Amino acid sequence: MEQVFANGLYLGAQYALIALGLTLIFALMNVLNFAHGQMYVLGGFITYTVYARLGLPFVVALFASGVTLATVGALIEKFLFRPVIRRSVREESTMLLAAAIAFLLDALILLLFGEKQRGVPKIVKGVFTSDALIMPYDRILVGILAIAFIAAFVLFMQYSKPGRAMRALAQDRVAAQLMGVRVDRYSMIGFALGAMLAGVVGGLLVAITGISSGIGGPISIKAFMMVMIGGAGVVGGAIAGGFILGMLESVGLSALHDYGDITYLVIFAALMVFLSLRPNGLMGKPWG
Amino acid sequence: MSPTKKLAATAAFLASVLVAVPWAIAATGRNDLYYTLTSVALLSIASAGVWLTFYIGRINIGQGAYALIGGYTSAILVVDYGVSFWLTLPIAGLFCAAASVLIGLPILRLRGVYFAMVTLVLTEVARLLALALPITHGASGMVSIPAPGAIRLFGVTLVPDFATLQNPRLAFYIVSVVLMALCYAGLYRLVHSRMGRLCLSLQQNEELASSIGVNIAWLRVVAYAISSFLGGIGGAMFAAIAQSIYPSSFTVTDSVNFMLNCFLGGLGYVFGPMIGTFVLYFGWDFLFQTGEYQLLIYSSLLIALMLFLPNGLLSLRPAAKKRG
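Protein chains in written order, with this note's numbering: chain A, 1190 to 1477; chain B, 48 to 371.
If you want it as structure tokens, here you go:
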């Protein structure tokens, strides 16, 4: 039981970090970032390249992932999303753009890094064992790092000036603009930050599960689910959604083990029922 | 457009797809084009359904689920129960419509991104269901589905048995194109009817529409059911042509593609999804020659299109008119 709980907590911390980036982008720009999973994969491959190929320390690799993805995110916002949002009649047009960017990143990742599953040498060796719990040290480290990142993100959003500006933007774009918030600049920073989070999680997880070019889409779907559980565009909701999904997955895998591979089917069905009762998720604003 | 003009346009379209295209293919000997064109016709039927949900202001990324359900319904009825394919085609559509009413009643209350995400999840649910249910034969799918049989009415053969035909590809092409023409004619009629106007009011402001007495709950369920009906028909026909169906026949990628077809053609135009499907499918096929760069070029083109033509391909036409 404790094992299941610990696994859920570890998964949840990863998931929450992915969902945070997605929900931040959604809150600021009303864009559903289809390419989030691909950004995660890109981050993973960059960490792999820097850490396993170039032999630099893991922290440096993680940093490289974050910086690269932040740059990519900022460029995507400035040169792709901003003009399209400005010119299109219907806001749904951004979804086509996001889907196309997801395809583009998929193609780039495939060309640059190949289709092989990649892993890196363990960052910490050894396994923590007690009566109830068996957990490799690297998982514990990655889990703690993820929670630290979440805490840092929340503090940043709560107390820093850009954080305040972004929260104002999420609340009411026009009002924020009237108060002198530079909307364009903070949209770009927000998008960069969201992309950076995706890249950092990718970098963290490459140390545990490895990375392969095809998993971007499934990761995006998981991220969407977390955001739906918690409520789109709400920081607390994304964190809650991430931990809930992680826990469900962990419990489901152990409890439904005998019935075959139906954990996700059950989770999906439960999600449908939940959303029909509470369309905005746990903490979402009405109608997103 | 005046009625005569409309009639002439329809006749010209039918003549070109039913006579000119087969003639051109026979002349050039490119028989493989039949399969491509048939796929375009069927995918554009499913895309028409997605377009209708866009028309009531919902982003639908779940059409793959209904295409899969339709395909399986038809395949199971044909293989396990020996029902004639032509009978299973409407049954598959109706089954999807019924399922979509059940699913739609709760989820159509959602809007915007929430609806989009739920429908996306729905595609995944359908795939997992197909994997888990015993009736769908799991991951190995259903293969060697018999070709559609003959339709005889009072001893007269209306449609010959596809298995005995010399060129079943041509037969499938004709059937698909006729289905597509029917579907778009129906869609055009629907959009220009009283209900179409009401749907448009839903797209603009649901509360306002509701306050002046539009039954929005009923209307959106009906629109969603029609949309899923089209998805089911498209999927069933696809299974018949491929003579097989797997849980991975329609995945999230297909659902996204249906949506892209609509976007690309233009959400404000009834025939947008048809054009969009045609361009996307042929574009993808054409880029096959570029090998590993196929996806890269394809997605770059999509992005470029979005940057320079954010309201779809058909938005070129009215702009040209205004200038002239």
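We treat Cβ as the ideally placed atom computed from N, Cα and C, and that holds for glycine. Bear in mind the structure is a predicted one, so any value in this text is a computation, not a measurement.
Exercise. Along chain B, which residues have their Cβ under 8 Å away from the Cβ of residue 1463 (chain A)?
Worked result: Here residue 1463 (chain A) refers to the residue found at position 274 of the first sequence. The contacting residues do not exist; residue 1463 (chain A) stays about 10 Å from chain B at best.
Problem set entry | Continuous beta strand (DSSP E) stretch holding residue 355 (chain B): start and end | The residue given as residue 355 (chain B) occupies position 308 in the second sequence. From DSSP, residue 355 (chain B) is part of no beta strand (DSSP E) but of the alpha helix (DSSP H) over 341-355.
Exercise. Hey, does residue 1432 (chain A) have any beta-carbon neighbour from chain B nearer than 8 Å?
Worked result: Residue mapping note: residue 1432 (chain A) aligns to position 243 of the first sequence, counting from 1. Not one chain B Cβ lies under 8 Å of residue 1432 (chain A).
Exercise. If you draw a straight line from the alpha carbon of residue 1422 (chain A) to that of residue 1240 (chain A), how long is it in whole angstroms?
Worked result: Mapped onto the first sequence, residue 1422 (chain A) falls at position 233. Mapped onto the first sequence, residue 1240 (chain A) falls at position 51. Roughly 34 Å separates the two Cα atoms.
For this session: Inspect the beta-carbon positions of residue 299 (chain B) and residue 100 (chain B) and report whether they are closer than 8 Å.
Result: Translated into positions along the second sequence, residue 299 (chain B) becomes position 252. Translated into positions along the second sequence, residue 100 (chain B) becomes position 53. It is not a contact, given that the beta carbons lie outside the stated cut-off.
Problem set entry | Residue ranges of each alpha helix (DSSP H) within the segment 205-242 of chain B, 4 or longer | 215-238
Exercise. Three or more beta-carbon pairs under 8 Å between the segment 77-87 of chain B and the segment 325-335 of chain B, yes or no?
Worked result: yes
Exercise. In three-state DSSP terms, what is residue 1307 (chain A)?
Worked result: Here residue 1307 (chain A) refers to the residue found at position 118 of the first sequence. Residue 1307 (chain A) falls in the strand class under three-state DSSP.
For this session: Kindly indicate which three-state DSSP category residue 1414 (chain A) falls into: helix, strand or coil?
Result: Along the first sequence, read from residue 1 onward, the residue named residue 1414 (chain A) stands at position 225. Of the three classes helix, strand and coil, the one that applies to residue 1414 (chain A) here is helix, per DSSP.
Problem set entry | Residues from the segment 156-175 of chain B in contact with chain A, defined by Cβ distance under 7 Å | 156, 157, 158, 159, 160, 161, 163, 164, 165, 167, 168, 171, 172, 175
Exercise. Relative to the alpha-carbon of residue 1458 (chain A), which residue among B:304, B:176, B:351, B:341 has its alpha-carbon at the smallest distance?
Worked result: In the first sequence, the residue the question calls residue 1458 (chain A) occupies position 269. Minimum Cα distance to residue 1458 (chain A) is reached at B:176.
For this session: Can you pull the chain B residues whose beta carbon is under 7 Å from the beta carbon of residue 1276 (chain A), in chain order?
Result: Taking the first residue of the first sequence as position 1, residue 1276 (chain A) is located at position 87. Per Cβ cutoff of 7 Å: 357.
For this session: Would you decide whether residue 1415 (chain A) is buried or exposed? Buried here means 16 or more other CB atoms lie within 10 Å of its CB.
Result: The residue you call residue 1415 (chain A) lines up with position 226 of the first sequence. Result: buried.
Exercise. Do the CB positions of residue 1383 (chain A) and residue 1211 (chain A) come within less than 8 Å of each other?
Worked result: Translated into positions along the first sequence, residue 1383 (chain A) becomes position 194. Translated into positions along the first sequence, residue 1211 (chain A) becomes position 22. Yes; because the gap between Cβ atoms is below 8 Å, this pair is in contact.
Exercise. In chain B, which residues lie with their C-beta within 8 Å of the C-beta of residue 1427 (chain A)?
Worked result: Position 238 of the first sequence, counting from 1, holds the residue named residue 1427 (chain A). What residue 1427 (chain A) touches in chain B: nothing, since even the nearest Cβ is about 13 Å away.
Problem set entry | Length of the line joining the Cα atoms of residue 1355 (chain A) and residue 1362 (chain A) | One-based indexing of the first sequence puts residue 1355 (chain A) at position 166. One-based indexing of the first sequence puts residue 1362 (chain A) at position 173. The alpha-carbon atoms of residue 1355 (chain A) and residue 1362 (chain A) are separated by roughly 9 Å.
Exercise. Roughly how many angstroms separate the alpha carbons of residue 103 (chain B) and residue 60 (chain B), rounded to a whole number?
Worked result: Numbered from its first residue, the second sequence carries residue 103 (chain B) at position 56. Numbered from its first residue, the second sequence carries residue 60 (chain B) at position 13. Looking at the two C-alpha atoms, the distance is approximately 28 Å.
Exercise. Once you ignore the five residues that flank residue 1259 (chain A) on each side, which residues in its own chain have a CB closer than 8 Å to its CB?
Worked result: The sequence position of residue 1259 (chain A) within the first sequence is 70, counting from 1. So the list reads 1381, 1382, 1384, 1385, 1388, once near-sequence residues are dropped.
Exercise. Excluding sequence positions up to five away, which residues of its chain have a Cβ less than 7 Å from the Cβ of residue 218 (chain B)?
Worked result: Here residue 218 (chain B) refers to the residue found at position 171 of the second sequence. The answer, listed in chain order, is 209, 212.
For this session: Report yes or no: do three or more beta-carbon pairs, one from the segment 58-76 of chain B and one from the segment 258-276 of chain B, lie closer than 8 Å?
Result: no
Exercise. What is the rounded straight-line gap between the Cα of residue 40 (chain B) and the Cα of residue 195 (chain B)?
Worked result: A question about residue 40 (chain B) goes unanswered here, because the residues of chain B that appear run from 48 up to 371.
Problem set entry | C-beta neighbour in chain A for residue 353 (chain B), strict 8 Å | Numbered from its first residue, the second sequence carries residue 353 (chain B) at position 306. It does; some Cβ of chain A falls within 8 Å.
Problem set entry | residue 1436 (chain A) in three-state terms, based on DSSP | Translated into the one-based positions of the first sequence, residue 1436 (chain A) becomes position 247. In the structure shown, residue 1436 (chain A) sits in a helix (DSSP, three-state: H, G or I).
Problem set entry | Reduced DSSP category for residue 1317 (chain A) - H, G, I as helix; E, B as strand; rest coil | Reading the first sequence from its first residue, position 128 is the one you call residue 1317 (chain A). Of the three classes helix, strand and coil, the one that applies to residue 1317 (chain A) here is strand, per DSSP.
Exercise. With distances taken from CA atoms, which of B:266, B:181, B:310, B:331 is nearest residue 237 (chain B)?
Worked result: Reading the second sequence from its first residue, position 190 is the one you call residue 237 (chain B). Here the closest residue by C-alpha is B:266.
For this session: Could you spell out the range, first to last residue, of the alpha helix (DSSP H) harbouring residue 195 (chain B)?
Result: As a first step, residue 195 (chain B) is located in the second sequence; it is residue number 148 there, counting from the start. Note, residue 195 (chain B): premise wrong, no alpha helix (DSSP H); not H, not E.
Exercise. Along chain A, in chain order, which residues have C-beta atoms closer than 9 Å to that of residue 153 (chain B)?
Worked result: Within the second sequence, numbered from 1, the residue matching residue 153 (chain B) stands at position 106. Going along chain A in sequence order, the residues near residue 153 (chain B) (Cβ under 9 Å) are 1461, 1462, 1464, 1465, 1466, 1468.
Problem set entry | Per-residue contacts from residue 1406 (chain A) into chain B (C-beta, under 7 Å) | Along the first sequence, one-based indexing puts residue 1406 (chain A) at 217. Those are 299, listed as they occur along chain B.
Exercise. Which residues bound the beta strand (DSSP E) around residue 1325 (chain A)?
Worked result: If you number the first sequence from 1, residue 1325 (chain A) lands on position 136. Taken as a continuous stretch (DSSP letters only), the beta strand (DSSP E) holding residue 1325 (chain A) covers 1323-1325.
For this session: Identify whether residue 371 (chain B) lies in helix, strand or coil by the three-state DSSP scheme.
Result: If you number the second sequence from 1, residue 371 (chain B) lands on position 324. For residue 371 (chain B), the pLDDT reaches just 36, beneath the cut-off of 50, and the residue's location in the model is therefore unreliable, leaving the point undetermined.
Exercise. So residue 278 (chain B) packs on residue 96 (chain B), CB below 8 Å; how close in whole Å?
Worked result: Within the second sequence, residue 278 (chain B) is the residue found at index 231, counting from 1. Within the second sequence, residue 96 (chain B) is the residue found at index 49, counting from 1. Right, the Cβ-Cβ distance comes to about 5 Å (below 8 Å), so this counts as a contact.
For this session: Go ahead and pull the three-state DSSP assignment for residue 1312 (chain A).
Result: Looking up residue 1312 (chain A) in the first sequence gives position 123. Residue 1312 (chain A): coil per DSSP, three-state reduction.
Exercise. Are the C-beta atoms of residue 310 (chain B) and some chain A residue less than 8 Å apart?
Worked result: Here residue 310 (chain B) corresponds to residue number 263 of the second sequence, with the count starting at 1. Chain A contact via Cβ: present.
Exercise. Who are the Cβ neighbours of residue 32 (chain B) in its own chain at under 7 Å, not counting the five residues just before and after it?
Worked result: This structure leaves residue 32 (chain B) out entirely; chain B is present only between 48 and 371.
Exercise. Between residue 261 (chain B) and the rest of its own chain, which residues show a CB-CB distance below 8 Å, the 5 nearest in sequence each way excluded?
Worked result: The residue labelled residue 261 (chain B) in the question sits at position 214 within the second sequence. Only 245, 248, 249 meet the Cβ criterion.
For this session: Please say whether residue 330 (chain B) and residue 362 (chain B) have beta carbons closer to each other than 8 Å?
Result: Position 315 of the second sequence holds residue 362 (chain B). Position 283 of the second sequence holds residue 330 (chain B). Going by C-beta atoms, residue 362 (chain B) is not nearer than 8 Å to residue 330 (chain B).
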